[in-house]
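**Q** Here it is, the structure, as structure tokens.
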Ligand code: ASP
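Here it is as structure tokens:
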């Protein structure tokens with residue numbers, strides 16, 4: 003019997019993303035970054051790489067792309083610093099690794115993977131995570147490695163409005179509907195630039211990875227959903243691999259990533275039905291804005307979001323690569 007082949011999906015965040023926000027050159031650069039991360043992952047999957055290694059490599063590439071809110075492009079906290087949250091999970095044995103509030107790690111996804119491979123703990127925070135990083139041979143970078151003029155402007159705007167979140171210019175378009183379902187969700191003028199990847203490899207194993215700078219102007223050591231297993235990241239070969247992006251407080255409370263997997267395992271839902279229910283009913287019903295990407299062992303891919311846009315790219319073996327930003331590509 004032939005296997006379903008590999009599948010890979012990645013995202014660069016969801017939110018109030020509209021064509022009018024971009025110059026043609028910016029849009030081209032963003033699409034190119036998504037496509038090149040996709041090509042990297044597809045190349046590895048074609049060679050038979052493990053899903054875990056693939057999602058790490060793809061997220062590392064996205065952490066190097068300054069237009070996304072992860073790695074080098076991470077947003078500012080209320081004190082003008084950068085604190086990064088990351089999680090990774092392997093579907094074959096439910097092994098997981100995560101770090102939160104790290105300030106000196108250029109590729110935190112690789113540190114999360116080191117936590118997973120070490121196996122003693124799942125989630126390490128702040129200074130302790132960085133002590134572990136040094137023991138593992140990671141180089142620490144200065145926090146200003148993450149400084150970026152555009153992000154700095156967004157931070158000043160957020161401070162002025164005493165808000166947190168990744169702010170865009172407000173406009174009248176306050177609600178949106180899913181192209182797939184027509185259901186609506188509140189869409190405040192926020193953009194969530196977290197990155198993530200999910201993969202089904204040629205051996206039929208799944209993995210998920212998510213990495214973020216969190217939300218602009220976040221305070222008091224705030225941790226979002228990204229490093230929380232079952233909220234911003236989840237992988238289980240018995241159901242699916244999920245990476246989420248959006249307003250983390252809602253994603254934590256709705257246990258978004260695990261809810262998709264649980265609906266498949268316990269209620270026999272398809273990947274598409276489970277993901278749509280979570281994004282358009284559970285999450286939207288609470289007022290949570292954002293989306294997710296997910297794959298299952300049959301190499302199905304879904305990318306639902308209840309915001310205006312989500313940076314995303316995906317490819318199934320034997321099919322052409324896809325890159326999209328808005329509801330209609
Ligand atoms: N989910 C992330 C957080 O709340 C933000 C994002 O997706 O951009 O930290």
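Numbering (this note's numbering), first residue to last: 3 to 331. C-beta: ideal position from N, C-alpha, C; glycine also.
Taking the straight line between their C-alpha atoms, what separation do you get for residue 126 and residue 115?
**A** Locating residue 126 in the chain shown gives position 124, counting from the first residue. Locating residue 115 in the chain shown gives position 113, counting from the first residue. C-alpha separation (whole angstroms): 12 Å.
**Q** Would you check if the distance between the CB atom of residue 235 and the CB atom of residue 259 is smaller than 8 Å?
**A** Numbered from 1 along the chain shown, position 233 holds the residue referred to as residue 235. Numbered from 1 along the chain shown, position 257 holds the residue referred to as residue 259. Taking 8 Å as the cut-off, the Cβ atoms of residue 235 and residue 259 count as close.
**Q** Helix, strand or coil: how does DSSP classify residue 262 here?
**A** Start at 1 with the first residue of the chain shown, and residue 262 comes out as number 260. Here residue 262 sits in helix by DSSP.
**Q** On the criterion of 16 or more Cβ atoms from any shown chain inside 10 Å, does residue 26 qualify as buried, or is it exposed?
**A** Taking the first residue of the chain shown as position 1, residue 26 is located at position 24. Looking at its Cβ environment, which holds fewer than 16 other Cβ atoms inside 10 Å, residue 26 is exposed.
**Q** Of all the beta strand (DSSP E) runs that stay within the bounds of the stretch 6-30, which reach a length of 3 or more residues?
**A** 9-17
**Q** Beta carbon of residue 328, beta carbon of residue 14: below 8 Å?
**A** The count along the chain shown starts at 1 and reaches residue 328 at position 326. The count along the chain shown starts at 1 and reaches residue 14 at position 12. In this structure, residue 14 does not lie closer than 8 Å to residue 328 by Cβ.
**Q** Out of curiosity, what's the CA-to-CA distance linking residue 196 and residue 229?
**A** Counted from its first residue, the chain shown places residue 196 at position 194. Counted from its first residue, the chain shown places residue 229 at position 227. When rounded, the separation of the alpha-carbon atoms in residue 196 and residue 229 is 11 Å.
**Q** Which word fits residue 299, buried or exposed, when buried means at least 16 other C-beta atoms lie within 10 angstroms of its C-beta?
**A** Within the chain shown, numbered from 1, the residue matching residue 299 stands at position 297. Buried, since its Cβ has 16 or more Cβ neighbours within 10 Å.
**Q** Any contact between the stretch 218-232 and the stretch 30-37? By contact I mean 3 or more CB pairs, one from each, below 8 Å.
**A** no
**Q** Does DSSP classify residue 180 as helix, strand or coil?
**A** Counted from its first residue, the chain shown places residue 180 at position 178. Only weak support is given to the placement of residue 180: the predicted model assigns it a pLDDT of 36, under 50, and the question is left unresolved by the model.
**Q** Across which residues does DSSP place residue 97 in a beta bridge pair?
**A** Mapped onto the chain shown, residue 97 falls at position 95. In DSSP, residue 97 forms a bridge with 92.
**Q** Does the Cβ-Cβ distance between residue 110 and residue 117 come in under 8 Å?
**A** Here residue 110 is taken as the residue at index 108 of the chain shown, counted from 1. Here residue 117 is taken as the residue at index 115 of the chain shown, counted from 1. Result no, Cβ atoms of residue 110 and residue 117 do not sit closer than 8 Å.
**Q** Identify, in the order they occur along the chain, each residue of the same chain with its Cβ nearer than 8 Å to the Cβ of residue 144, setting aside the five sequence neighbours on each side.
**A** In the chain shown, counting from the first residue as 1, residue 144 sits at position 142. So the list reads 106, once near-sequence residues are dropped.
**Q** So, residue 253 versus residue 290, is the Cβ gap smaller than 8 Å?
**A** Working through the chain shown from its first residue, we reach residue 253 at position 251. Working through the chain shown from its first residue, we reach residue 290 at position 288. Their beta carbons are under 8 Å apart, which means residue 253 touches residue 290 by this criterion.
**Q** Taking 8 Å as the cut-off, decide whether the C-beta atoms of residue 1 and residue 61 are in contact.
**A** With the chain represented from 3 up to 331, any question about residue 1 goes unanswered, as that position is not in the structure.
**Q** Give me, in chain order, the residues of the same chain whose beta-carbon lies closer than 8 Å to that of residue 267; leave out the 5 immediate sequence neighbours on both sides.
**A** Taking the chain shown and counting its residues from 1, the one referred to as residue 267 is at position 265. Excluding positions up to five away in sequence, the list reads 238, 240 and 241.
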